[in-house]
Amino acid sequence: MGEKNLECRLHVGEVCFRLVFTSPSQARFFNKYYQGFISNQEPDITIHVKVIGKGESTSLPNSIIMSKTVEGDSFNFHSGLITGTLDRESRTCKIEVKEALFKRIRIFEHFLFQTYYTLIAQNPAGEENFLAHSCSVQREGAGYLFSGPPESGKSTIAGISAPLATVLGDEIAIVKKEDSRYFVGATPFRGDFRESVNMQAPLKAVFLIVHGKENEIRKISKIEFVTRFVREVIYPGTLLSTERKEDFTRMIQFCTDISENVPFYELRFLPDQRFWSEIDNLNLKNMEE
Numbered sequence: 019m020g021e022k023n024l025e026c027r028l029h030v031g032e033v034c035f036r037l038v039f040t041s042p043s044q045a046r047f048f049n050k051y052y053q054g055f056i057s058n059q060e061p062d063i064t065i066h067v068k069v070i071g072k073g074e075s076t077s078l079p080n081s082i083i084m085s086k087t088v089e090g091d092s093f094n095f096h097s098g099l100i101t102g103t104l105d106r107e108s109r110t111c112k113i114e115v116k117e118a119l120f121k122r123i124r125i126f127e128h129f130l131f132q133t134y135y136t137l138i139a140q141n142p143a144g145e146e147n148f149l150a151h152s153c154s155v156q157r158e159g160a161g162y163l164f165s166g167p168p169e170s171g172k173s174t175i176a177g178i179s180a181p182l183a184t185v186l187g188d189e190i191a192i193v194k195k196e197d198s199r200y201f202v203g204a205t206p207f208r209g210d211f212r213e214s215v216n217m218q219a220p221l222k223a224v225f226l227i228v229h230g231k232e233n234e235i236r237k238i239s240k241i242e243f244v245t246r247f248v249r250e251v252i253y254p255g256t257l258l259s260t261e262r263k264e265d266f267t268r269m270i271q272f273c274t275d276i277s278e279n280v281p282f283y284e285l286r287f288l289p290d291q292r293f294w295s296e297i298d299n300l301n302l303k304n305m306e307e
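To convert, take the position in the sequence shown, counting from 1, and add 18; that gives this note's numbering.
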């Protein structure tokens, strides 16, 4: 059987993951699930995936990011949900994954988040790339980030914005700095909105979103913005990192730099397209000033 039938090449920002499974059905599932982000480029890392614990009943956490242990080149997420080794020189990773985890693939994606951070950490410019819980939208050439916790309305904003703009994603966005400018980019890590487009756009504004009784944009202090936005930034640990204090410091520095370079607001919104009129009015006001 050809290995092509066993693989999924996944495009995440500027890097490519090559996931190699032991079963064609597993590869087909991943290729279908991540449709729109499948790549033909040479992989930056090859991940050999072996599914174990078939038929077992396993209790699943809401997150595995902070429950990882590391010993040498080996890692263990949440007491064996995912175990593996990373060979940085050959850019090869071998993992064993409990079958139950694929029933909540968005938890498995936490492993992919750390794989992404592992790859970009090898490039000094990657230190300014972060993943964030956000809906990302490109409208009239400008990128907008709508960030908030679960149930804050990210997928709602994606759905009602689709007729007016290009939706890059409704769950996880890449925010990166290039030549002193911030950009927002799509990722394959999606929520309920499945029609996202794999592209990036210059970041024009960040909105911290809240369901409201009317559409309203409110200015907030830099301290409030950093305090709230940092909660939505995905912890930037690599597969083998254990320096949590240093990583948290980087998160704060990133959010602070965003606040100094990109306009930020709180958006209270109703579940209809009229909040875009508030954003258009804000843009017009800023141009006049």
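Quick reminder that beta carbons are idealized off the backbone N, C-alpha and C, glycines included.
*Look up Ala-223 in the DSSP assignment and give the residues it is bridged to.*
Tyr-162
*Proximity of Ala-204 and Ala-191 at Cβ, strictly below 9 Å*: yes
_Please tell me whether Ser-173 and Gly-209 are closer than 9 Å, where the distance is taken between their beta carbons._
yes
*Between the segment 124 to 132 and the segment 81 to 88, are three or more C-beta pairs nearer than 8 Å?*
yes
_At the level of alpha carbons, what is the spacing between Tyr-135 and Ile-252?_
10 Å
*Quick one: residues in its chain with C-beta nearer than 6 Å to the C-beta of Phe-233, no 5 flanking neighbours on either side, listed in chain order?*
Looking at the sequence itself, residue 233 is Asn, so the reference to Phe does not match. Closer than 6 Å at Cβ, skipping near neighbours: Phe-287, Leu-288, Arg-292, Phe-293, Glu-296.
*Of the residues Ile-70, Ile-175, Arg-27, Asn-279, the one placed nearest Asp-197, counting alpha carbons only*: Asn-279
*For Ala-45, is the beta carbon positioned less than 8 Å from some heavy atom of the ligand GDP?*
Among the components modelled here there is no ligand, and therefore nothing to report on the ligand GDP.
*Rounded straight-line distance, which links the Cα of Lys-112 to that of Glu-25*: 14 Å
*Use the C-beta contact count for Leu-302: other C-beta atoms within 10 angstroms, 16 or more gives buried, fewer gives exposed.*
exposed
*Under a three-way DSSP split, which group does Ala-191 fall into?*
strand
*Would the beta-carbon of His-229 fall within 9 Å of that of Gly-171?*
yes
*State buried or exposed for Lys-263, treating a residue as buried only when at least 16 other CB atoms are found within 10 Å of its CB.*
exposed
*asked:* So, with DSSP's three-state summary, where would you put Glu-296?
replied: helix
_Residue of Asp-62, Phe-225, Ala-118, Val-115 minimising C-alpha distance to Pro-167_ = Phe-225
*What is the DSSP secondary structure of Thr-103, counted as helix, strand or coil?*
strand
_Contact set for His-29: own chain, Cβ-Cβ below 6 Å, skip 5 residues either direction_ = Phe-55, Ser-57
*Over the uninterrupted beta strand (DSSP E) stretch that includes His-29, give me the two end residues.*
25 to 30
*Once you ignore the five residues that flank Thr-76 on each side, which residues in its own chain have a CB closer than 6 Å to its CB?*
Lys-116, Ala-118
*Nearest to Tyr-283 (by Cα), restricted to the options Gly-73, Lys-231, Lys-222*: Lys-222
_Tell me the rounded alpha-carbon separation between Ala-176 and Lys-50._
21 Å
_Using 8 Å as the cut-off, can you tell me whether the segment 61 to 71 makes contact with the segment 33 to 41, which would need three or more C-beta pairs spanning the two stretches below that distance?_
yes
*In chain order, what residues of the same chain lie with their CB nearer than 8 Å to the CB of Gly-71, ignoring the 5 residues before and after it?*
Lys-116, Glu-117, Ala-118
_Among Asn-304, Phe-120, Ala-160, whose alpha-carbon lies nearest the alpha-carbon of Lys-237?_
Asn-304
*Beta-carbon separation of Val-202 and Gly-161 under 9 Å?*
yes
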